[in-house]
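S.K.:
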Amino acid sequence: MKVKESYKKTVVETGLTMLEEGLTVGTWGNISVRDPETGLVYISPSGMNYREIGLDDVVVLDLEMNLVDGTRVPSIEKETHLAVYRARADVNAVVHTHPLYSTVLGVNKMELPAVSEDFAQIVGDKIICSEYALPGTQELGQNVAAGLGAERNAVLLPNHGTINVGEDMKTALIVCHVVEKSAQIYIMALNIGTPHLISAEDIKAMQDYKNNYYGQR
196 MKVKESYKKT VVETGLTMLE EGLTVGTWGN ISVRDPETGL VYISPSGMNY
246 REIGLDDVVV LDLEMNLVDG TRVPSIEKET HLAVYRARAD VNAVVHTHPL
296 YSTVLGVNKM ELPAVSEDFA QIVGDKIICS EYALPGTQEL GQNVAAGLGA
346 ERNAVLLPNH GTINVGEDMK TALIVCHVVE KSAQIYIMAL NIGTPHLISA
396 EDIKAMQDYK NNYYGQR
C-alpha cells in the first residue's frame with residue numbers, strides 16, 4: 196500500500212496548530228489521520244516537540260498496529276487511536292488534546308451537555324467522561340471507543356484531557372475548539388446560575404439541518 200506524504204504533512208501541521216492555539220503544551224497530546232482508501236493510519240511520534248517533527252518522523256501503521264513506514268516510536272496512545280478507527284468507519288482523524296476547561300470537567304468526572312448550537316451540530320447531544328485507565332493502555336482505547344459510541348465526536352478523559360474525532364482533520368480540529376469553548380461556557384454558567392440546555396428534539400433538528408441543508412449545496 197502506498198504511503199502518502201500529504202497525510203504526513205497533515206500530522207505535522209496539526210501538531211503546530213495544537214501548540215499555537217493552546218490545545219496542548221510541550222510534547223503532550225497526539226494526532227493521527229487515516230487514509231480512507233488504504234486504511235493506513237499516520238500518527239505522531241512519541242515524546243517529540245511538535246516544532247521539531249518533520250515528515251520523516253510521522254509513523255504509519257495498519258489497523259492491526261503493524262509498522263508500515265517510519266523509524267520513530269509511535270505515540271504511546273496508538274492503542275486508543277486504532278481502537279477508535281476500528282469502531283468508527285466514519286472517523287478519519289483523531290486529535291488528543293490537553294486543554295484547560297475540558298480537563299477541569301474530566302477531573303470532576305462530569306459530562307459536558309449541549310450548551311451551544313455549534314456543539315449540538317458538530318459534537319452531539321453531550322460528551323461523557325470515560326472510565327479512567329492509564330495512558331497508553333488497551334483499556335484506555337476500549338474506554339474511549341465506548342465513550343464516543345456510534346455518533347459522538349468527543350469524549351472527556353478523567354485527569355487527562357479529551358479525544359476529538361472527525362471525518363477529516365479539519366473537522367476534528369473544529370471539534371477540539373467547540374468542545375473547549377463549550378466547556379468554558381458550561382463552567383462559567385454553572386458559577387452564576389442554572390444552565391439552559393438544548394432539548395434532544397432541537398439537537399436532532401439542528402443536526403439534520405447541518406447535515407442536509409447548511410452551506411452551499
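Offset between the sequence shown (1-based) and the numbering used here: plus 195. Backbone N, C-alpha and C fix where the C-beta goes; we use that ideal spot for every residue, glycine too.
1. What residue range is occupied by the uninterrupted alpha helix (DSSP H) comprising R229?
2. Considering only their Cβ atoms, is the gap separating H293 from G356 smaller than 8 angstroms?
3. To the nearest angstrom, how far is it from the Cα of R281 to the Cα of G342?
4. In whole angstroms, give me the CA-to-CA distance for S377 and K405.
5. Tell me where the beta strand (DSSP E) around Y237 begins and ends.
6. Going by the DSSP bridge assignment, what does V289 pair with across the sheet?
7. Indicate the three-state DSSP secondary structure (helix, strand or coil) for K399 in the structure shown.
8. Compute the Euclidean distance between the alpha carbons of M213 and V268, then round it to the nearest angstrom.
9. Between K304 and P353, what straight-line distance do the alpha-carbon atoms span, to the nearest angstrom?
10. Starting from the Cα of L262, find the closest Cα among G249, L250 and Y237 and give me that residue.
M.R.: So, to answer that:
1. Per DSSP, R229 belongs to no alpha helix (DSSP H); it is in the beta strand (DSSP E), N225 to R229.
2. yes
3. 14 angstroms
4. 18 angstroms
5. V236 to I238
6. S227 and V360
7. helix
8. 20 angstroms
9. 6 angstroms
10. Y237
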